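J.: Line by line, the protein sequences are chains C and G. Numbering-wise (our numbering), the first sequence opens with residue 135 and increments by one. Numbering-wise (our numbering), the second sequence opens with residue 113 and increments by one. For glycine and all other residues, C-beta sits at the position ideal for the given N, C-alpha and C. What you are looking at is a predicted structure, and each value in this text was computed from that prediction instead of being measured. Dropping the structure in here first, questions after.
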Amino acid sequence: MATVTTEQVQARVIEALASFGPDESQITPEATFEQLDIDSLDLVELAQIVEDEYGVVLKGEDMKELETVGDAVQLIVSRASA
Amino acid sequence: MSDPVAITGIGAVTPLGIGARTLHERWAAGESGIVDGAGTCREFRPEEFLSVKEVRRLDRFSQLALVAADEAMAQAGWEGELPYDPYRIGCVIATGIGGLATIEANYDAMRERGPERISPLGIPGFMPNAAAAAVSMKRGLRGQTFAVASACASGAHALGCALRMIQCGDADAVVVGGSEATLTEFSFASFNVMQALSPTGESRPFDARRNGFVMGEGAGVLVLERREAALARGGRILAELAGYGSTADAHHLTAPEPTGRPASRAIELAIADAGASPSEIAYVNAHGTSTQPNDAAETRALKLALGEHAYHVPISSTKSAIGHLLGAAGAVEAVATVEVLRTGVIPPTLGYEVADPELDLDYVPGEARPLRTNGRPPLALSNSFAFGGHNVALVLRGVPT
Numbered sequence: 135m136a137t138v139t140t141e142q143v144q145a146r147v148i149e150a151l152a153s154f155g156p157d158e159s160q161i162t163p164e165a166t167f168e169q170l171d172i173d174s175l176d177l178v179e180l181a182q183i184v185e186d187e188y189g190v191v192l193k194g195e196d197m198k199e200l201e202t203v204g205d206a207v208q209l210i211v212s213r214a215s216a
Numbered sequence: 113m114s115d116p117v118a119i120t121g122i123g124a125v126t127p128l129g130i131g132a133r134t135l136h137e138r139w140a141a142g143e144s145g146i147v148d149g150a151g152t153c154r155e156f157r158p159e160e161f162l163s164v165k166e167v168r169r170l171d172r173f174s175q176l177a178l179v180a181a182d183e184a185m186a187q188a189g190w191e192g193e194l195p196y197d198p199y200r201i202g203c204v205i206a207t208g209i210g211g212l213a214t215i216e217a218n219y220d221a222m223r224e225r226g227p228e229r230i231s232p233l234g235i236p237g238f239m240p241n242a243a244a245a246a247v248s249m250k251r252g253l254r255g256q257t258f259a260v261a262s263a264c265a266s267g268a269h270a271l272g273c274a275l276r277m278i279q280c281g282d283a284d285a286v287v288v289g290g291s292e293a294t295l296t297e298f299s300f301a302s303f304n305v306m307q308a309l310s311p312t313g314e315s316r317p318f319d320a321r322r323n324g325f326v327m328g329e330g331a332g333v334l335v336l337e338r339r340e341a342a343l344a345r346g347g348r349i350l351a352e353l354a355g356y357g358s359t360a361d362a363h364h365l366t367a368p369e370p371t372g373r374p375a376s377r378a379i380e381l382a383i384a385d386a387g388a389s390p391s392e393i394a395y396v397n398a399h400g401t402s403t404q405p406n407d408a409a410e411t412r413a414l415k416l417a418l419g420e421h422a423y424h425v426p427i428s429s430t431k432s433a434i435g436h437l438l439g440a441a442g443a444v445e446a447v448a449t450v451e452v453l454r455t456g457v458i459p460p461t462l463g464y465e466v467a468d469p470e471l472d473l474d475y476v477p478g479e480a481r482p483l484r485t486n487g488r489p490p491l492a493l494s495n496s497f498a499f500g501g502h503n504v505a506l507v508l509r510g511v512p513t
């Protein structure tokens, strides 16, 4: 797989989260999932999208640690380039 | 006889459009919402009423319920703060089947892309109580909240359940209704193999040429309140839910008991529960599905329960205008019945032209007609019967204008 950049992953994550409900302008790397009203069910959907897109398998315990959008982006980038 | 309960708000999304008033006005004007053999809510675009999150997370049956509930609660004057302790407000939203399209989409995803590709929103979307949960969560209703299921009597059973919840003191108010959205290829095929659907796509209840029902989708929701509590808060009472009766045929999975006796018992129980006599019924909103067995058995049940009065009371079927909304039917038809009592206008049984020799009651052919009240608050009967042999009758009472 080609290497993915943080910018690419961030753009994809923001696009996915925006389709879940929150206003796109609110979705910054610092925004917490709690602020965005993104719950555990949304994060499972996000994990499915990430797996389809980058081949990165995120499990429940990975997702539990995530607090912000930036956390998710970092995790995906690090796993994708591992 | 039990204490009547006030109906202070009604809402509906139906194949005739958005709103309870729209349903009654268009039906009374002779308009039909049935197109190409289906009663689709063509004017319902969920994104016009609901947030992105609600649209994405909720199956169509829950979306329909949420919009009908918003209308009912707004009419009851519940837009701002809830008028009662949230733990004293129940929420019962019936469905016959639940989120069928969501089940199908997730089953397809599993077959095509593997079990890991089922959405985590699948189960919470298709579970039959999803609509009740959505309404409860949106408005913070914290009393008893659940779904009831009895196929095509579900909506009416929900109303009976809510009535009793208030009468026995468990709640001051209940947001109650029914919702259904099963217009899928699988659903049409499933009803077709039972030969339940009209092959010509025509809903003609009680007509000699009736050949099956037309499936529809939609939701109806009502706000019920303890009468004294509604008056104390200055709420406007649209009508009263005055009586409820329910029985089972214990006869056949899908065919009604042909003598109509168990169904007539439900009607008798509902009238007695309202403290009324059969001759006081001024209008019957029939179950009237447009199938041969239902309309014949219902006619017999009405004759048994109402006696000679059955020949004098106007009877019309909402299903002639919107098709059969399955688990939503009883609630939507209760909403329509409230509008009949409130406006004094009885819409006709659309498509009824050729009399069946054995079905010799007044099915209100042709045009709408005025409700005769004899100067007293009128009583109306609304029937619901279901696959499984479930019978429900509701008696509603108008209020003096």
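Under a Cβ-count criterion, where at least 16 other Cβ atoms within 10 Å of its own Cβ denotes burial, should G/Ala344 be classed as buried or exposed?
T.: Here residue 344 of chain G corresponds to residue number 232 of the second sequence, with the count starting at 1. Label assigned to G/Ala344: exposed.
J.: Alpha carbon to alpha carbon, how far is G/His399 from G/Phe497?
T.: For this step, residue 399 of chain G is matched to residue 287 along the second sequence. For this step, residue 497 of chain G is matched to residue 385 along the second sequence. Straight-line Cα distance between these residues: approximately 7 Å.
J.: Does C/Arg213 come out as helix, strand or coil in the three-state DSSP assignment?
T.: As a first step, residue 213 of chain C is located in the first sequence; it is residue number 79 there, counting from the start. Note: C/Arg213 maps to helix in three-state DSSP.
J.: With a threshold of 8 Å, are at least 3 pairs of Cβ atoms found where one atom belongs to the segment 148-168 of chain G and the other to the segment 346-361 of chain G?
T.: No: fewer than three Cβ pairs fall under 8 Å.
J.: Should G/Glu329 go down as buried or exposed, given a rule of 16 or more other Cβ atoms within 10 Å for buried?
T.: On the second sequence, position 217 is the one that residue 329 of chain G refers to. Buried, since its Cβ has 16 or more Cβ neighbours within 10 Å.
J.: If contacts are defined as beta-carbon pairs under 8 Å, then G/Gly439 and G/Ser315 qualify, I think. What distance do you get, rounded to the angstrom?
T.: Translated into positions along the second sequence, residue 439 of chain G becomes position 327. Translated into positions along the second sequence, residue 315 of chain G becomes position 203. About 18 Å separates the two Cβ atoms, so there is no contact after all.
J.: Just the Cα atoms here: how many angstroms apart are G/Glu420 and G/Pro390?
T.: For the purposes of this step, residue 420 of chain G is taken as residue 308 along the second sequence, with counting starting at 1. For the purposes of this step, residue 390 of chain G is taken as residue 278 along the second sequence, with counting starting at 1. Using only the alpha carbons, I get a separation of about 9 Å.
J.: Name, please, each residue of chain C whose Cβ falls closer than 7 Å to the Cβ of G/Pro232.
T.: Mapped onto the second sequence, residue 232 of chain G falls at position 120. Going along chain C in sequence order, the residues near G/Pro232 (Cβ under 7 Å) are Leu175, Val178 and Glu179.
J.: Given that C/Gly204 touches chain G, what residues does it touch there, using C-beta distances under 9 Å?
T.: For the purposes of this step, residue 204 of chain C is identified with residue 70 of the first sequence, where counting begins at 1. Result: empty, since nearest Cβ-Cβ is about 22 Å, beyond 9 Å.
J.: Measure the Cβ-Cβ separation of G/Ala265 and G/Val504 and say whether it is below 9 Å.
T.: Position 153 of the second sequence, counted from the start, is the residue given in the question as residue 265 of chain G. Position 392 of the second sequence, counted from the start, is the residue given in the question as residue 504 of chain G. Taking 9 Å as the Cβ cut-off, G/Ala265 and G/Val504 qualify as a contacting pair.
J.: Just to confirm, is the Cβ distance from G/Gly372 to G/Thr401 under 9 Å?
T.: Position 260 of the second sequence holds residue 372 of chain G. Position 289 of the second sequence holds residue 401 of chain G. Against a cut-off of 9 Å, the Cβ pair of G/Thr401 and G/Gly372 comes out as no contact.
J.: Take G/His363 and list the residues in its own chain whose beta-carbon comes closer than 6 Å to its own, dropping the five residues that flank it on each side.
T.: Stepping through the second sequence from its first residue, residue 363 of chain G is reached at position 251. Glu369 and Gly501, listed in sequence order.
J.: Quick check on G/Phe156: buried or exposed, where buried means 16 or more other Cβ atoms within 10 Å of its Cβ?
T.: Numbered from 1 along the second sequence, position 44 holds the residue referred to as residue 156 of chain G. Buried is the call here.
J.: Considering only residues of the same chain and omitting the five flanking positions on each side of G/Gly131, which have a CB-CB separation below 7 Å?
T.: Counting from 1 along the second sequence, the entry for residue 131 of chain G is found at position 19. So the qualifying residues of the chain are Ala124 and Glu183.
J.: Which runs of the beta strand (DSSP E), 3 residues or longer, sit entirely within the segment 178-244 of chain G?
T.: Counting whole runs of 3 or more residues, the segment 178-244 of chain G contains the beta strand (DSSP E) stretches 201-206.
J.: Please decide whether C/Ser153 counts as near chain G, where near means a Cβ-Cβ distance under 9 Å.
T.: Position 19 of the first sequence holds residue 153 of chain C. So yes, C/Ser153 belongs to the interface.
J.: Where do the N-terminal and C-terminal ends of the alpha helix (DSSP H) with G/Asn323 fall, by residue?
T.: For the purposes of this step, residue 323 of chain G is taken as the residue at position 211 of the second sequence. Per DSSP, G/Asn323 belongs to no alpha helix (DSSP H) and is neither H nor E.
J.: Quick one: is C/Asp196 near chain G, going by C-beta distance under 9 Å?
T.: Here residue 196 of chain C is taken as the residue at index 62 of the first sequence, counted from 1. No, its Cβ sits nowhere closer than 9 Å to a Cβ of chain G.
J.: Can you tell me whether G/Tyr356 is helix, strand or coil according to DSSP?
T.: Indexing the second sequence from 1 puts residue 356 of chain G at position 244. Strand, per DSSP.
J.: C/Gln182 versus chain G: which residues are under 7 Å apart at the beta carbon?
T.: What you label residue 182 of chain C is simply residue 48 of the first sequence in a count that begins at 1. Here the neighbours are Arg229.
J.: Between the alpha carbons of G/Glu143 and G/Ala446, how many angstroms are there, rounded?
T.: Indexing the second sequence from 1 puts residue 143 of chain G at position 31. Indexing the second sequence from 1 puts residue 446 of chain G at position 334. Looking at the two C-alpha atoms, the distance is approximately 19 Å.
J.: The alpha helix (DSSP H) with G/His136 in it runs from where to where?
T.: Here residue 136 of chain G is taken as the residue at index 24 of the second sequence, counted from 1. Looking at the DSSP string, the run of the alpha helix (DSSP H) that includes G/His136 is Ala132 to Ala140.
J.: Considering just the uninterrupted stretch of the alpha helix (DSSP H) at G/Ala265, what are its terminal residues?
T.: Indexing the second sequence from 1 puts residue 265 of chain G at position 153. Element bounds for G/Ala265: n/a, residue is neither H nor E.
J.: Show which residues of chain C have a CB atom less than 7 Å away from the CB atom of G/Val164.
T.: In the second sequence, residue 164 of chain G corresponds to position 52, counting from 1. Neighbours of G/Val164 on chain C, chain order: Gly155.
J.: List, in chain order, every chain C residue whose beta-carbon is nearer than 9 Å to that of G/Arg172.
T.: The residue you call residue 172 of chain G lines up with position 60 of the second sequence. The premise fails here: G/Arg172 is roughly 18 Å from chain C at the closest Cβ pair, so nothing lies under 9 Å.
J.: Are G/Ile383 and G/Leu493 closer than 9 Å when you measure CB to CB?
T.: Sequence index remark: in the second sequence, residue 383 of chain G carries index 271 (1-based). Sequence index remark: in the second sequence, residue 493 of chain G carries index 381 (1-based). Their beta carbons are under 9 Å apart, which means G/Ile383 touches G/Leu493 by this criterion.
J.: Quick one: is G/Pro236 near chain C, going by C-beta distance under 9 Å?
T.: Residue numbering aside, residue 236 of chain G sits at position 124 when the second sequence is read from its first letter. True, the Cβ-Cβ gap to chain C drops below 9 Å.
J.: Going by DSSP, what residue range makes up the beta strand (DSSP E) through G/Asn503?
T.: In the second sequence, residue 503 of chain G corresponds to position 391, counting from 1. Where G/Asn503 is concerned, the enclosing beta strand (DSSP E) stretches over His502 to Gly510.
J.: Indicate the three-state DSSP secondary structure (helix, strand or coil) for G/Phe499 in the structure shown.
T.: As a position in the second sequence, residue 499 of chain G is number 387, starting the count at 1. Of the three classes helix, strand and coil, the one that applies to G/Phe499 here is coil, per DSSP.
J.: Given this structure, state the Cα-to-Cα distance separating G/Thr455 from G/Pro490, to the nearest angstrom.
T.: Sequence index remark: in the second sequence, residue 455 of chain G carries index 343 (1-based). Sequence index remark: in the second sequence, residue 490 of chain G carries index 378 (1-based). Their backbone Cα atoms lie some 11 Å apart in a straight line.
J.: DSSP on G/Leu365, reduced to helix/strand/coil?
T.: As a first step, residue 365 of chain G is located in the second sequence; it is residue number 253 there, counting from the start. Residue state, collapsed to three classes: coil.
J.: Say whether chain G places a C-beta atom closer than 9 Å to the C-beta of C/Glu185.
T.: For this step, residue 185 of chain C is matched to residue 51 along the first sequence. Yes - at least one Cβ of chain G is within 9 Å of the one on C/Glu185.
J.: Taking just the CA atoms, how far does G/Glu340 sit from G/Ala140?
T.: Mapped onto the second sequence, residue 140 of chain G falls at position 28. Mapped onto the second sequence, residue 340 of chain G falls at position 228. If you take the alpha carbons of G/Ala140 and G/Glu340, they lie about 33 Å apart.
J.: In chain order, what are the residue ranges of uninterrupted alpha helix (DSSP H) at least 4 long that sit wholly in the segment 384-453 of chain G?
T.: Counting only runs of 4 or more, we get 404-418 and 431-434.
J.: If you compare alpha carbons, which of G/Glu137, G/Ala245 and G/Leu418 is closest to G/Met375?
T.: Working through the second sequence from its first residue, we reach residue 375 of chain G at position 263. Looking at the sequence shown, residue 375 of chain G is not Met but Ala. Ranking G/Glu137, G/Ala245 and G/Leu418 by Cα distance to G/Ala375 puts G/Leu418 first.
J.: What number of angstroms, rounded off, separates the C-alpha of G/Pro477 from the C-alpha of G/Val425?
T.: Counted from its first residue, the second sequence places residue 477 of chain G at position 365. Counted from its first residue, the second sequence places residue 425 of chain G at position 313. Cα to Cα, G/Pro477 sits roughly 13 Å from G/Val425.
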